[in-house]
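In our numbering, the protein residues as written are 739 to 1307. C-beta: ideal position from N, C-alpha, C; glycine also. Since the structure is predicted, the reported quantities are computational estimates derived from the model, not experimental observations. Here's the structure we're looking at; comments come further down.
So this is what it looks like as structure tokens:
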């Protein structure tokens, strides 16, 4: 990336995570608040203590607001969790000790808070008792909020007002992203990550343009800088665009093409099952104008990630019921898919060198019946309100199938529903392709999660921007893998759907159609584009071209170029 003088227009390139266009001021987010240690004089001590007292009051007000929100959504049991956060501000190991240190060391209060929080966090993290060890998260949360108030870092609304903003950061977690999305978030620019990262998927679901792999952009950009982001065709990011560039951008956004016919039926009369990937129930109103009657993936983990503590079974039932009722033809609910790559703030997980292949998804769920069983009960109850299927993510060995079947039968016996929803699995691990006979003993439905399947197949970390070019969903080996999976599944009478990002990409969609897939689920922002493409495609012709390409690949094995030549978009 090119560095330049402040406010000079600079054009940057990165990895497109989700399409769209926006023009807004930057908000620079730093995960760890950097604090400088500054010596103070005796006559400054009183002022520092007053700043500290004011920050404590604002932090306490924040916590009390969180408590009220938790009580409204989940009841007193969960709201009481925040009482411990308030007590921490009154703890003699925290407040009084901190004040004593400030008077003795005569340094700015921020540096004392940072040091005290780090020491307490380290001490509690080392405790063997799991309950006390979990308090380390509370300490970090309260300490971080206190520091932000001391330093005036209260988020985008405080720093750039109520106007829309583009988030600029080295990295963000999915839960942080959800917090930002509650405000005026219009675009995302990250130094790290790739097109199939969880943040990219979430941005696409929310209709927010995003770009990754920007190297050191977060070191150059400043809060308040003007950012022009256009990822509709390729990445075009302009830092501090001039008036002429802004005028051209505005003209391109206002320009509209001829109205397209939207349909789920191909030119030769084959009806496809087109569905939406949903993250939050707030997205459901987007489906009706497009006449979408199916939800092919509801990512339930984001209910947990947005909650301040474990969501109650009652609350989950209400959310899942809304989803089922919004999709009269079919709603597919995925059970919790979290791990240290998608952490929950209230469930501490050990650091893993490779979290994508670690203790996550169904591995985590089977080990935490206190979380998994209430979720299954809630999903089964919600399924009584329409057509519903429940799927389990990242199944990789036959033993997991047996464990899931046993658990599911037991939960069904507990709930005693009038109708038992079918369950299936997300096929995201290559090993599962070679256990289809085992899968067929338990279920006749699989949904291909092409994002994880792609990274595991090529042994590529999808958050590593340096490796983004290696994991191409339109590469010959990957297309052959999917083709083999679809053909083998059909032999066992297993229905195959696709809910990964590949279904949202026009060329990826065409390739999947040619491989025999007719059930597609995609982010809502992609639905209009794909449904405008479907009536232009002849399914028989597409299958013939794609199968011919696999049997007689182009000389350079460039399937993307081959498909672009045969299907100009």
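| request: Can you check the stretch 1180-1243 for any alpha helix (DSSP H) of at least 4 residues that lies completely inside it and give the ranges in chain order? | output: 1188-1196, 1214-1229
| said: Helix, strand or coil for residue 740? Go by DSSP, reduced to three states. | reply: Unreliable positioning characterises residue 740 in this predicted model, as indicated by a pLDDT of 39, which lies under 50. The coordinate reading is nonetheless provided below. If DSSP states are grouped into helix, strand and coil, residue 740 belongs with coil.
| If you drop the 5 nearest sequence neighbours on each side, which residues of the same chain put their C-beta closer than 6 Å to that of residue 903? | 762, 763, 765, 894, 922
| said: Taking 8 Å as the cut-off, does the stretch 1233-1240 touch the stretch 1248-1262 (at least 3 CB pairs, one atom from each stretch)? | reply: yes
| task | Per DSSP, which residues does residue 1085 bridge with? Please list them. | result | 1082
| query | Are residue 948 and residue 959 closer than 8 Å when you measure CB to CB? | reply | no
| query | On the premise that residue 1068 lies in contact with residue 1032, defined as a C-beta separation below 8 Å, what is that separation, rounded to the nearest angstrom? | reply | 5 Å
| said: Using a Cβ-Cβ cutoff of less than 7 Å, which residues in the same chain neighbour residue 1117 once the five nearest sequence positions on both sides are dropped? | reply: 1058, 1071, 1128
| query | How far does the beta strand (DSSP E) with residue 968 in it reach, from first residue to last? | reply | 964-968
| said: If I measure Cβ to Cβ from residue 1230 and keep anything under 7 Å in the same chain, skipping five residues before and after, which residues do I get? | reply: 1174, 1175, 1178
| field | For residue 1071, the first and last residue of its enclosing alpha helix (DSSP H) | value | Segment 1068-1072 is the beta strand (DSSP E) holding residue 1071; no alpha helix (DSSP H) there.
| Boundaries of the alpha helix (DSSP H) in which residue 1126 is found, first to last residue | No alpha helix (DSSP H) contains residue 1126, which is instead part of the beta strand (DSSP E) from 1126-1130.
| task | Write down the C-beta distance between residue 1040 and residue 1018 rounded to the nearest angstrom, noting that I regard them as a contact closer than 8 Å. | result | 6 Å
| query | Between residue 1062 and residue 1011, which are expected to be in contact by the criterion C-beta below 8 Å, what is the C-beta distance as a whole number of angstroms? | reply | Residue 1062 to residue 1011, Cβ: 17 Å. No contact.
| task | Using DSSP bridges, identify the partner residues of residue 903. | result | 763, 923
| How about residue 1034 and residue 1013: do their beta carbons lie closer than 8 Å? | yes
| Counting pairs of Cβ atoms below 8 Å between the stretch 774-788 and the stretch 830-847, do you hit three or more? | yes
| Which one or two residues does DSSP pair with residue 1164 in a beta bridge? | 1185
| message | Here's the rule I'm using: 16 or more other beta-carbon atoms within 10 Å means buried, otherwise exposed. How should residue 805 be labelled? | response | buried
| query | Rounded C-beta distance between residue 1095 and residue 912? I'm assuming under 8 Å. | reply | Wrong, their Cβ atoms sit about 18 Å apart, outside the cutoff.
| Closest by CA to residue 1022, which one among 971, 943, 976? | 943
| query | Helix or strand or just coil, what does DSSP make of residue 1267? | reply | helix
| query | What residue from 876, 999, 1247, 952 has the CA that sits closest to residue 907's CA? | reply | 952
| task | Using the Cα positions of residue 750 and residue 965, report the straight-line distance between them to the nearest angstrom. | result | 11 Å
| Nearest-angstrom beta carbon gap, residue 1003 and residue 884 [assumed within contact, 8 Å] | So it is not a contact: roughly 58 Å between Cβ atoms.
| message | So, at 6 Å on beta carbons, what are the nonlocal neighbours of residue 858 in its own chain, with the 5 sequence-adjacent residues on each side left out? | response | 877
| query | Taking the alpha carbon of residue 977 as the point to measure from, which residue in 747, 800, 1166 has its own alpha carbon closest? | reply | 747
| Taking Cβ to Cβ, would you say residue 1184 is nearer than 8 Å to residue 1141? | no
| query | Between which two residues does the beta strand (DSSP E) containing residue 1259 stretch? | reply | 1257-1260
| request: Report buried or exposed for residue 1080, applying the criterion of at least 16 other Cβ atoms within 10 angstroms of its Cβ. | output: buried
| query | By Cβ distance below 7 Å, which residues in the same chain neighbour residue 800 in space, the five residues on each side in sequence not counted? | reply | 883
| request: For chain D, find out if any of its Cβ atoms is closer than 8 Å to the Cβ of residue 1299; answer yes or no. | output: The displayed structure is made up of one protein chain only, and chain D is not part of it.
| Residues that residue 1003 bridges to, as DSSP identifies them | 1009
| said: What would DSSP say about residue 1036, mapped onto helix, strand or coil? | reply: strand
| query | residue 1278 and residue 1006: beta carbons closer than 8 Å? | reply | yes
| query | What's the gap between the Cα of residue 1353 and the Cα of residue 1084? | reply | Residue 1353 is absent from the model: the chain starts at 739 and stops at 1307.
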